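J.: Adding 1 to a residue's 1-based position in the sequence shown gives its number in the numbering used here.
Beta carbons are placed, not taken as given, at the ideal position from N, Cα and C, and that holds for glycine.
Nothing here was measured: the structure is a model prediction, and the numbers come from that model.
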Amino acid sequence: MVFVCFLVERSIYRFGRWLKKTRRKALLASVEKIKEELMFFGLISLMLGQCARWISEICIDSSLFSSRFYLCSEDDFMYKNDISITKLHSDSNWTDVTRRAITNPSSSHQCGEGREPFLSYEGLEQLHRFLFVLGITHVLYSCVAVGLSMVKIYSWRKWENQAKLVLDGNMQERRPKVMRRQSTFVFHHTSHPWSRSRILIWMLCFLRQFWRSIQKSDYMALRLGFITNHRLPLSYDFHKYVVRSMEDEFYGILGISWILWSYAILCIFINIHGLNIYFWLSFVPVVLVMLVGTKLQHIVSLLALEIVESKGPSVGTQVKPRDGLFWFGKPEILLKLIQFISFQNAFEMATFIWSLVR
């Protein structure tokens, strides 16, 4: 275990040095944030280990075990208790029983008649394992998410190279190609009859997210609109800007805020016997992913409609992306939703793995 931890620490250190050498400041900041998150989980683990005996001595009335708001039913508790007693009596080596009692301090603690420990020593050990699994799965999910995003974005590099090849021609040859690419973008997003309806366009965008998310015409139109709005030369490397923006946004979706911690604690406490709360929560990421995908498709469709209808900021042949197209004019809302989706997936996977190994 020590060797594995040392290997992970050295790998993160060398990866950080490579990012610093290549001047990937945003990704370097993200790596530092990952290290802070792992350190935070380590601190929680250390505090649980030191305070486990004190917490296990907190007693509550036994009547709460039969309450609806307890995590398991009374029958389940009595069944597990009978199994533990049977296992104890079947052990022929009394020395081994004594040794386990010493290892488990709560086994010798008595709350008195009519009272039970609020959280047993074994329960604290399970919580300890759950936090460890949650930290690892959340970091892995975040890295996988940004890795898949980078693979998708780097696949657009060929379109950037094709756009720069247009600069080799003269102005008369370049102009029709630009107009033709814009016409393809507009036709792709406005040719369907539903695109003119304020309600049906949402259904159309919902279906489009299951096809190819970004096409060549979309990239070329957004590239030209960005260059025109910022008065940049046509040789500007728009793809490099997209990669840098993605790295900056990755830093924003990392970490677990106090809101997410509160959400996780709430999910644990409201998972009362018979509700199956984790089953219903498993649908939340799916719904949010489709909601975010639909909204992004809707933004691109609105940019195309503004060109066709000659109204709004996107008048003429150039699109004009802006914050006003997002919910409440705040693009960061989508980032918060993506962060929540990543945490929820990690939370569910951690719960599943923990249930297998506990």
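Can you find a C-beta in chain B that's less than 8 Å from the C-beta of F227?
T.: The chain inventory of the structure shown lacks chain B, comprising one protein chain alone.
J.: Looking at H139: is its Cβ nearer than 8 Å to the Cβ of F344?
T.: Taking the sequence shown and counting its residues from 1, one reaches residue 139 at position 138. Taking the sequence shown and counting its residues from 1, one reaches residue 344 at position 343. In this structure, F344 lies closer than 8 Å to H139 by Cβ.
J.: State the start and end residues of the unbroken alpha helix (DSSP H) segment that holds I61.
T.: By one-based count along the sequence shown, residue 61 stands at place 60. From DSSP, I61 is part of no alpha helix (DSSP H) but of the beta strand (DSSP E) over 60-62.
J.: Per DSSP, what kind of secondary structure is P194 in: helix, strand or coil?
T.: What you label residue 194 is simply residue 193 of the sequence shown in a count that begins at 1. Reduced to three states, the DSSP call for P194 is helix.
J.: So E38 is in the alpha helix (DSSP H); what residue range does that whole segment cover?
T.: As a working mapping, residue 38 is identified with position 37 in the sequence shown. Element bounds for E38: 26-57.
J.: For the segment 348-356 and the segment 323-334, state whether three or more C-beta atom pairs, one from each stretch, are separated by less than 8 Å.
T.: Segments in contact, no.
J.: State the beta-bridge partners of R116 as determined by DSSP.
T.: By one-based count along the sequence shown, residue 116 stands at place 115. Bridge partners of R116: D62.
J.: Identify which residue in R15, D238, Y142 has its Cα closest to the Cα of E33.
T.: In the sequence shown, counting from the first residue as 1, residue 33 sits at position 32. Looking at the Cα atoms, R15 is the closest of the given residues.
J.: Exposed or buried, which one is Q298 when buried takes at least 16 other CB atoms within 10 Å?
T.: Taking the first residue of the sequence shown as position 1, residue 298 is located at position 297. Buried: at least 16 other Cβ atoms inside 10 Å.
J.: Which one of C268, V290, R24, M291 has the shortest CA to CA distance from F280?
T.: As a working note, residue 280 is residue 279 in the sequence shown. F280 has its Cα closest to that of C268, out of C268, V290, R24, M291.
J.: Measure the alpha-carbon distance for K165 versus S156 and round it to whole angstroms.
T.: Start at 1 with the first residue of the sequence shown, and residue 165 comes out as number 164. Start at 1 with the first residue of the sequence shown, and residue 156 comes out as number 155. Their backbone Cα atoms lie some 16 Å apart in a straight line.
J.: Closest to F186 by CA distance: which of Y264, W212, F227, L304 is it?
T.: Translated into positions along the sequence shown, residue 186 becomes position 185. Nearest of Y264, W212, F227, L304 to F186, Cα basis: L304.
J.: Between the beta-carbon of I154 and the beta-carbon of V243, is there less than 8 Å?
T.: The residue you call residue 154 lines up with position 153 of the sequence shown. The residue you call residue 243 lines up with position 242 of the sequence shown. It is a contact, given that the beta carbons lie within the stated cut-off.
J.: Need the endpoints of the alpha helix (DSSP H) that R11 sits in, please.
T.: Counted from its first residue, the sequence shown places residue 11 at position 10. Here the alpha helix (DSSP H) through R11 covers 3-22.
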